[in-house]
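Participant:
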Amino acid sequence: MGLVESGKLPKPLAKLLNISRKYSIWAYQWGLACCAIEMGAAFASPRYDVMRLGVIPFPASPRQADLVVIAGTVTDKLAPAVVRLYEQMPDPKYVISMGSCANCGGPYWDSYSVTKGVDQLIPVDVYVPGCPPRPEALLEGIILLQERIAHEDMAARWKGEPIVVS
Amino acid sequence: MTAVSDPQSVSALVAEANDNRVNLDFETEGMTLNMGPQHPATHGTLRIIARLDGEQVISAEPMCGYMHRGYEKLTEVRTYPQINALINRIDWLGSFANEVPFILAAEKLMDVEAPPRAQWIRTILFEMSRVANISLFLGDFGLQLGGMTAGFYAFRDREWVLNQIESATGGRFHPNFDRIGGLKDDLPKGWIEESHTAMDKLLAFCDEMEDLLVGNEIFQGRTRGIGVIPAEIALSYGLSGANLRASGVDWDLRRDNCPPGLVYDKADWKVWTHPDGDCFARTWVRLQETREAAKIVKQLLDTIPSGPVMAKVPRIIKVPAGEAYVATENPLGEMGYYVVSKGDLVPFRVKIRSASFNNISVLPWVARGAYVPDLISILGSLYFILGDIDR
Amino acid sequence: MSSAETETPEEAAPATDDAREAVLAEFTSRLGDGVVGSHIRVGDDLWIRVDRAHWLEAAEVAKSMGYRFFDFLSAIDWLPSPFGRDMDAQEDLVVAGTPAKEPEAMVQGYAGGDTRFQLLARLYSISAGMGITFKCDLPDDDLTAPTWSNVFAGANWHEREAREMFGFSFDGHPNMINMYLPADFVGNPLRKDFPLLARRVRPWPGIVDVEPMPGVADEEGEGE
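So the protein lines, in turn, are chains A, B and C.
Note that the numbering used here has the first sequence beginning at 201, numbered continuously upward.
Note that the numbering used here has the second sequence beginning at 64, numbered continuously upward.
Note that the numbering used here has the third sequence beginning at 2, numbered continuously upward.
1. How far does the alpha helix (DSSP H) with A/LYS215 in it extend, from its first residue to its last?
2. Give the residues from the stretch 126 to 138 of chain C that approach chain B closer than 9 Å (Cβ to any Cβ), ordered along the chain.
3. Just checking: is the beta-carbon of A/GLY306 within a distance shorter than 9 Å of some beta-carbon in chain C?
4. Listed from N- to C-terminal order along the chain, which residues in the stretch 308 to 328 of chain A have their beta-carbon within a distance smaller than 8 Å of any beta-carbon of chain C?
5. Going along the chain, which unbroken runs of the beta strand (DSSP E) with 3 or more residues stay wholly within the stretch 203 to 289 of chain A?
6. With a threshold of 9 Å between beta-carbons, can B/GLY133 be considered close to chain C, or not?
7. Are C/VAL62 and C/ARG50 close, meaning C-beta to C-beta below 9 Å?
8. Would B/ARG180 and B/ASP241 qualify as a contact pair, given that the criterion is a beta-carbon distance under 9 Å?
9. Using the three-state DSSP reduction, which class does B/THR212 fall into: helix, strand or coil?
10. Among B/THR142, B/GLU170, B/SER122, which residue has its Cα nearest to the Cα of B/LEU325?
11. Among B/PRO144, B/ALA195, B/ALA309, B/ALA356, whose alpha-carbon lies nearest the alpha-carbon of B/ASP331?
12. Flag B/PHE159 as yes if its beta-carbon sits less than 9 Å from any beta-carbon of chain A, otherwise no.
13. Kindly indicate which residue of B/GLY245, B/SER230, B/ALA148 has the alpha-carbon position closest to the one of B/SER258.
14. To the nearest angstrom, report how far apart A/LEU213 and A/ALA227 are at their CA atoms.
15. Name the residues in the stretch 183 to 204 of chain B whose C-beta lies less than 7 Å from a C-beta of chain C; which are they?
16. Does any residue of chain B have a CB that is nearer than 9 Å to the CB of A/ALA350?
17. Counting only beta-carbon atoms, is C/GLU92 nearer than 9 Å to chain A?
18. Taking a cut of 7 Å between CB atoms, which residues from the stretch 61 to 78 of chain C lie near chain B?
19. Kindly say whether B/ASP451, judged by its beta-carbon, lies nearer than 9 Å to any beta-carbon of chain C.
20. So, do the stretch 268 to 280 of chain A and the stretch 215 to 233 of chain A have three or more beta carbon pairs nearer to each other than 8 Å?
21. Would you kindly work out how many angstroms separate the C-alpha atoms of B/ILE359 and B/GLN283, rounded to a whole number?
22. Using a C-beta cutoff of 9 Å, does B/LEU96 count as contacting chain A?
23. Answer yes or no: does any C-beta atom of chain C fall closer than 9 Å to that of B/TYR434?
24. Name the DSSP bridge partner or partners of B/ASP241?
25. Interface residues of chain A around B/MET130 at Cβ under 7 Å?
26. Taking 8 Å as the limit between beta carbons, can you name the residues of its chain near B/TRP254, skipping five residues before and five after?
27. For C/MET226, which residues in chain B fall below 7 Å Cβ to Cβ?
28. Taking the Cβ atom as the reference point for each residue, do A/VAL328 and A/GLY306 lie within a distance shorter than 9 Å?
29. Leaving aside the five residues before and after A/VAL324 along the sequence, list all residues of the same chain whose C-beta is less than 7 Å from its C-beta, in chain order.
30. Kindly indicate the opening and closing residues of the alpha helix (DSSP H) around B/ILE345.
31. Looking at the strands, I want to know which residues DSSP matches up with C/PRO147.
32. Here's a check: name, in chain order, each residue in its chain whose Cβ is nearer than 7 Å to the Cβ of C/PHE71, leaving out the five neighbours to either side.
33. Cβ closer than 7 Å: which chain C residues qualify as neighbours of B/ARG318?
34. From B/ILE439, B/GLY450, B/ALA433, B/LEU449, pick the residue whose C-alpha is nearest to that of B/ASP116; which is it?
35. Just checking: is the beta-carbon of C/PHE195 within a distance shorter than 9 Å of some beta-carbon in chain A?
36. Check the Cβ-Cβ distances between A/VAL365 and every residue of chain B, and say whether any is below 9 Å.
Following this line, the structure appears as structure tokens:
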């Protein structure tokens, strides 16, 4: 869509596009450690159902995903795999960093083999703190991301400037 | 070649001979299959490099270390209560169970005994964490073999146990509730009745899993006779827990070498073994163990003594010099901590003997000659948690 | 075996552990002068230190005595950490002008020892319900030992881990590659002189503010 990248899309259409994008996120879960279980509880259990927010879990591959939720400790050995996974996702893509290990290294801040935060490797949109964060906290993080998407200026992505949330 | 008279066998043999003749004309190479660090069937970031010949596995080499967080080095710079908060995250499904052997080792060195009420509650929470852990295994194993329904039921019914753990300790996972000398807090009001209800629901869940999985023809076909581990091999690799009992070895650390501080002898329960040693045996033993754990909890809930939950220990814990090894029967197997202390706030060396490390080391031996789908069955039935392998 | 924390005079505590003494005696008779140290904690555990030349034979003798369950194999580095305990606030030490602490002497644990590195292994006997913890000195200039993986198949992975964590080598091991660390990792993390770089860059600030426990007078609270 040439109109979107060049910024010539009329405002109501852009708004409609953003709203439909925010309610149709296909979320890939990169569940590494304990946070993966809470993410599983959020995504797959009937109590903290994430599908009511419009987010569908379990895409078949990262090439079909909009959102990746990095849940758990990222080690230096795994770091190349995380970067490769991020590069496989098509634009526009979003990253949620879930749990303190993915945010900043967490309880293993002084370990010799842990990457102190996944934002050293890939850009992160939303950080969900907790160890592990409750499923409701992850849902709140997803809602925050949805608000961000709703106010997003799609053209800014293609221009390469930092994305500003109004 | 034995003489066969049955015409069906003869035609089968002829077909096979024809097949082999055809295969000789094809020059095929072995293929290397990489079940990479991210895979739905590995419980976390395990990488398995399998060399295949057609559909058969020639060798399957697991590569660990994608979740290695350096626990043993980190324990050398943390005080005992800080370590307690950290080691919850080794086996992250049955978290309370990770704290117990470490606390018992420190208590052994300090020569402190927790009061009876604390011992009862510790054992109850230990068994509840076992129920929480293995119920996810049952659901997840079904999921890996293709029966997705079981997974959703497991997540739903686990919530009952997690609710109970949360109302007592404050955390669904990683309770960090055990302290040297007892527990952090006493139980809230009404917890005992609610736990009874939760355990009844879990017993119903076990019956449901049995209906869904065990009798299923596909399940039986995929697990019977697959991945047989004889008892001698199991012992020399150091397999423990349900893996060992499913190979016929009647050994349970709760009954046979229970460390002082846990009160398994106050309940009436049974150790389940199975002589076969295949994937089905391991699953079946775990199913029975979950039921047994729920029954232990119910019995202990009725007999909790009253009293304090914390012995008198100094506010700043310095453990006297010495070495101690305490191992308990964790949900995954035998987990032990070898604590070397020099009389300081901080231990000198802690060697963590985690169950899954030994459980997975048998994979190269078991996987020879198995088919690729059997590899999934074997992995699933050996049941490991990556945090436990990689520490 | 736990005693109350009061100071009542000990009753006739069980002075000997006959079963473990018998095991130790039989082991010593089979291994001869390979056994260089031992320790028994009554009712609890047995430690046996063997010298390196008999390390493999110790495994075989133990296996023939019924200790067929392989628990673990690792090592201990007895050097006191040159970085201290890392719990004291480094800023406070500098500001208050405390002189640097003398490095402590190296003291080995149960069953003695002479060297910095000791192998540590544990085997269990299911029929007897007892375990033996083995230790073995490794001289600093020659950190090698024979492999146990032909006697206990489970030792394969444990020796790989000990190698990358401490820098040992095991003769006869079939597959000496890294277990946990990436292939290009430099150093042996579990050695005491391997620094945790995050703590060197930004030292642990120590306890920042301590409130007294309600109703309890405040001691100089150092660690929690």
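Even for Gly, the Cβ is constructed at its ideal location relative to N, Cα and C.
Facilitator: Per the coordinate set shown:
1. Within the first sequence, the letter at position 15 stands for residue 215 of chain A. Element bounds for A/LYS215: 211 to 222.
2. ILE127, GLY130, MET131, GLY132, THR134
3. Here residue 306 of chain A corresponds to residue number 106 of the first sequence, with the count starting at 1. Closer than 9 Å: no.
4. TRP309, ASP310, SER311, TYR312, SER313, LYS316
5. 226 to 231, 267 to 271
6. Stepping through the second sequence from its first residue, residue 133 of chain B is reached at position 70. Judged by the 9 Å Cβ criterion, B/GLY133 is in contact with chain C.
7. What you label residue 62 of chain C is simply residue 61 of the third sequence in a count that begins at 1. What you label residue 50 of chain C is simply residue 49 of the third sequence in a count that begins at 1. Cβ atoms of C/VAL62 and C/ARG50: not closer than 9 Å.
8. If you number the second sequence from 1, residue 180 of chain B lands on position 117. If you number the second sequence from 1, residue 241 of chain B lands on position 178. Contact flag unset, no.
9. Along the second sequence, one-based indexing puts residue 212 of chain B at 149. Reduced to three states, the DSSP call for B/THR212 is helix.
10. By 1-based counting over the second sequence, the position of residue 325 of chain B is 262. Checking every option, the nearest Cα to that of B/LEU325 belongs to B/GLU170.
11. Numbered from its first residue, the second sequence carries residue 331 of chain B at position 268. The residue with the shortest Cα to Cα distance from B/ASP331 is B/ALA356.
12. Translated into the one-based positions of the second sequence, residue 159 of chain B becomes position 96. No, B/PHE159 lies away from the interface with chain A (no Cβ there is under 9 Å from its Cβ).
13. Counted from its first residue, the second sequence places residue 258 of chain B at position 195. Nearest option by C-alpha distance: B/SER230.
14. Here residue 213 of chain A refers to the residue found at position 13 of the first sequence. Here residue 227 of chain A refers to the residue found at position 27 of the first sequence. If you take the alpha carbons of A/LEU213 and A/ALA227, they lie about 24 Å apart.
15. none
16. Reading the first sequence from its first residue, position 150 is the one you call residue 350 of chain A. Not closer than 9 Å to any Cβ of chain B, the Cβ of A/ALA350 fails to qualify, so no.
17. Looking up residue 92 of chain C in the third sequence gives position 91. The pLDDT assigned to C/GLU92 is 48, lower than 50, so where the model puts this residue is not dependable, and the model offers no usable value.
18. ARG69, PHE70, PHE71, ASP72, PHE73, SER75, ILE77
19. Counting from one through the second sequence, the residue named residue 451 of chain B turns up at place 388. Taking Cβ atoms only, chain C never reaches closer than 9 Å to B/ASP451, which makes this a no.
20. yes
21. The sequence position of residue 359 of chain B within the second sequence is 296, counting from 1. The sequence position of residue 283 of chain B within the second sequence is 220, counting from 1. One C-alpha to the other measures close to 29 Å.
22. In the second sequence, the residue the question calls residue 96 of chain B occupies position 33. No, no contact with chain A.
23. Taking the first residue of the second sequence as 1, we reach residue 434 of chain B at position 371. With 9 Å as the cut-off, B/TYR434 does not count as an interface residue toward chain C.
24. Sequence index remark: in the second sequence, residue 241 of chain B carries index 178 (1-based). DSSP output for B/ASP241 lists B/LEU246 as bridge partner(s).
25. The sequence position of residue 130 of chain B within the second sequence is 67, counting from 1. LEU232, ALA233, THR273, THR275, listed in chain order.
26. Reading the second sequence from its first residue, position 191 is the one you call residue 254 of chain B. Taken in chain order, the residues that qualify are GLN227, SER230, ALA231.
27. Chain C is shown only over 2 to 225; residue 226 of chain C falls outside these bounds and no answer can be derived.
28. For the purposes of this step, residue 328 of chain A is taken as residue 128 along the first sequence, with counting starting at 1. For the purposes of this step, residue 306 of chain A is taken as residue 106 along the first sequence, with counting starting at 1. No.
29. For the purposes of this step, residue 324 of chain A is identified with residue 124 of the first sequence, where counting begins at 1. Same-chain partners within the cutoff: VAL295, SER297, VAL318.
30. Position 282 of the second sequence holds residue 345 of chain B. Per the sequence shown, the amino acid found at residue 345 of chain B is Arg instead of Ile. B/ARG345 -> alpha helix (DSSP H) spans 342 to 365.
31. The residue labelled residue 147 of chain C in the question sits at position 146 within the third sequence. DSSP, once it has assigned bridges, lists C/ASP172 as partnering C/PRO147.
32. Mapped onto the third sequence, residue 71 of chain C falls at position 70. Closer than 7 Å at the Cβ level, and outside the excluded window around C/PHE71, lie LEU124, PHE153, GLY155, ALA156.
33. The count along the second sequence starts at 1 and reaches residue 318 of chain B at position 255. Ordered by position in chain C, no residue passes the 7 Å Cβ test against B/ARG318, which lies about 10 Å from the chain.
34. Counted from its first residue, the second sequence places residue 116 of chain B at position 53. Checking every option, the nearest Cα to that of B/ASP116 belongs to B/ALA433.
35. In the third sequence, the residue the question calls residue 195 of chain C occupies position 194. Closer than 9 Å: yes.
36. In the first sequence, counting from the first residue as 1, residue 365 of chain A sits at position 165. At A/VAL365, the pLDDT of 46 sits below 50, so the modelled position is not reliable; the number obtained from the coordinates is stated separately. Closer than 9 Å: no.
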